[in-house]
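Colleague: My structure is below; once you've seen it, I'll send some questions.
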Amino acid sequence: MNHSRCLLPLLALWVLPQWINKNLTAEPGQNVTLPCRGPNNKTCVVEWIRTDLGKEYVFFYRERRIVTDRQHPSFVNRVDLQDRRLKDGEVSVVLQNVTINDTGRYECRVTSPGWEHVLDAGFELNITKGNIKFQSVTTEQFPMKEY
């Protein structure tokens, strides 16, 4: 039995984390870009979730179209791709008209054949003098090369 064939799928799931700190600041009513990048011209599925929303999505893109079946009602008509052409793997989304209710941890998952990318961005909102302050820690995970 060839054990390397059994291990290959497991190796494809193993990822290497890299931590990036950043701060985003916005006022209520402003638009905020949530950054995420996938492989160039190979993106099949883009999922944006907020971890406290259960099975409903912030944004979902599959087969070159936006899918709204399981989109959380608070994000309907408020979230869109920054670049619908997905040029250079750009899958960032723009969240329009932010409010205190947008508080939470956001996660972007991009998948395509043989490639998976997870961007986990946690946003903590603090309101100060009418401003919403986003403080985040972002984790990017990239697949290990297959041999």
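Quick note, the sequence shown lines up with residues -25 to -1, 1 to 122 if you use mature numbering (1 follows the signal peptide of the UniProt record, and there is no 0). Cβ atoms here follow ideal geometry from the backbone N, Cα and C, with glycine treated the same way.
Kindly indicate which residue of CYS11, ARG25 and ASP58 has the alpha-carbon position closest to the one of ARG80.
Modeller: If we check each option's Cα against that of ARG80, ARG25 comes out closest.
Colleague: Just to confirm the assignment, what range does the beta strand (DSSP E) spanning VAL21 have?
Modeller: 20 to 25 is the extent of the beta strand (DSSP E) around VAL21.
Colleague: Which residue comes first and which comes last in the beta strand (DSSP E) that contains VAL85?
Modeller: It spans 79 to 87 - the beta strand (DSSP E) in which VAL85 sits, taken as one unbroken run.
Colleague: Measuring only the C-alpha atoms, how far is GLU65 from ILE41?
Modeller: Their Cα atoms are separated by approximately 15 Å.
Colleague: Note down the Cα distance separating GLU31 from ASP44, rounded to an integer number of angstroms.
Modeller: Taking the straight line from one Cα to the other gives about 9 Å.
Colleague: On the DSSP bridge list, what partners appear for GLN57?
Modeller: DSSP, once it has assigned bridges, lists no residue as partnering GLN57.
Colleague: Tell me where the beta strand (DSSP E) around TYR36 begins and ends.
Modeller: Where TYR36 is concerned, the enclosing beta strand (DSSP E) stretches over 34 to 37.
Colleague: Give a yes or no on whether the C-beta atoms belonging to LEU9 and LEU70 are separated by under 8 Å.
Modeller: Yes, Cβ-Cβ distance for LEU9 and LEU70 is below 8 Å.
Colleague: Leaving out five residues before and five after GLY4 in sequence, what residues of the same chain have Cβ atoms less than 6 Å from its Cβ?
Modeller: Contacts found: ASN72.
Colleague: Which residue comes first and which comes last in the beta strand (DSSP E) that contains VAL68?
Modeller: Element bounds for VAL68: 68 to 70.
Colleague: Rounded C-beta distance between VAL21 and VAL85? I'm assuming under 8 Å.
Modeller: 5 Å between Cβ atoms; contact.
Colleague: Given this structure, state the Cα-to-Cα distance separating LYS62 from ASN6, to the nearest angstrom.
Modeller: Roughly 21 Å between the two C-alpha positions.
Colleague: If we count the other Cβ atoms within 10 Å of its Cβ and call it buried at 16 or more, is VAL68 buried or exposed?
Modeller: When all chains shown are included, VAL68 counts as buried.
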